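Report on the structure given below.
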Amino acid sequence: MNKTEIFQNQGDMATGIKGFIQEFIPKGESFDNWSELYAIVAETPQIASLSENRIGVEIDYNNACINNPEIVSLVSSKTRETVLAICPAYKDDPETGEMMMITMRDYKDTMVKVYYHKRGPAFDIDDPADYPLGKADIKSLLAQQDTFRLVAP
402 MNKTEIFQNQ
412 GDMATGIKGF
422 IQEFIPKGES
432 FDNWSELYAI
442 VAETPQIASL
452 SENRIGVEID
462 YNNACINNPE
472 IVSLVSSKTR
482 ETVLAICPAY
492 KDDPETGEMM
502 MITMRDYKDT
512 MVKVYYHKRG
522 PAFDIDDPAD
532 YPLGKADIKS
542 LLAQQDTFRL
552 VAP
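Residue 498 in this note's numbering sits at position 97 of the sequence shown; the count goes up by one each step and never skips.
Put into structure tokens, the structure is as follows:
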């Protein structure tokens with residue numbers, strides 16, 4: 402996404418904790434109807450563990466998607482969780498599906514999340530050839546998310 406629209410905010414989050422969010426979508430698209438979205442979020446103090454955040458992703462996708470979306474853990478450690486969510490179609494828009502990769506990192510008292518969403522036409526969850534992201538895309542995203550580091554100021 403070389404040309405992007407940007408949304409950013411910082412301050413009190415909906416949960417009452419401090420944080421910031423910065424989201425990027427392709428230029429010319431709206432934040433109500435985007436094809437790709439890349440973002441970083443940080444929240445402090447951390448109020449949910451990595452596993453609780455992962456469960457939150459599962460709940461969100463189970464509520465948003467028709468049938469059962471697939472939630473695949475790609476990396477899981479004491480300080481990091483990377484999850485791939487596969488949503489073949491939205492309940493409120495059955496013509497559209499989505500895939501999302503999120504990496505959550507626990508750093509001191511802060512939860513940092515980096516995520517990428519890709520929307521496309523609804524697809525058959527049993528046919529990976531229909532997915533909006535192919536295996537090469539997923540490997541590339543995983544490699545990109547492997548590069549982000551958290552360092553003390």
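Virtual Cβ for every residue (Gly too), placed ideally from N, Cα, C.
Nothing here was measured: the structure is a model prediction, and the numbers come from that model.
Quick one, are the C-beta atoms of residue i and residue j less than 9 Å apart?
| i | j | result |
| --- | --- | --- |
| P533 | R520 | yes |
| N469 | K492 | no |
| P443 | F421 | It should be noted that the sequence gives Ala, not Pro, for residue 443. The answer is yes: Cβ separation under 9 Å. |
| I467 | A490 | yes |
| Y439 | Y516 | yes |
| M502 | C488 | no |
| K419 | G412 | yes |
| E499 | N454 | no |
| T480 | Q546 | no |
Tell me the residue span of the beta strand (DSSP E) that contains residue i.
| i | result |
| --- | --- |
| K514 | 511-522 |
| I539 | Segment 536-547 is the alpha helix (DSSP H) holding I539; no beta strand (DSSP E) there. |
| T405 | 405-413 |
Mapping the DSSP letters down to three states, classify residue i as helix, strand or coil.
| i | result |
| --- | --- |
| D531 | helix |
| A498 | This sequence places Gly at residue 498; Ala is not what is there. Strand at G498. |
| I526 | coil |
| R550 | coil |
| D507 | strand |
>> For a minimum of 3 consecutive residues, which ranges assigned as the beta strand (DSSP E) are wholly contained in the stretch 420-487?
In response: Those beta strand (DSSP E) runs which fall completely within the stretch 420-487 and span 3+ residues are 437-445, 471-477.
>> Contact between the stretch 511-525 and the stretch 445-454 is defined here as three or more beta-carbon pairs at a separation below 8 Å; is this criterion met?
In response: Because the criterion of three Cβ pairs below 8 Å is met, the stretch 511-525 and the stretch 445-454 touch.
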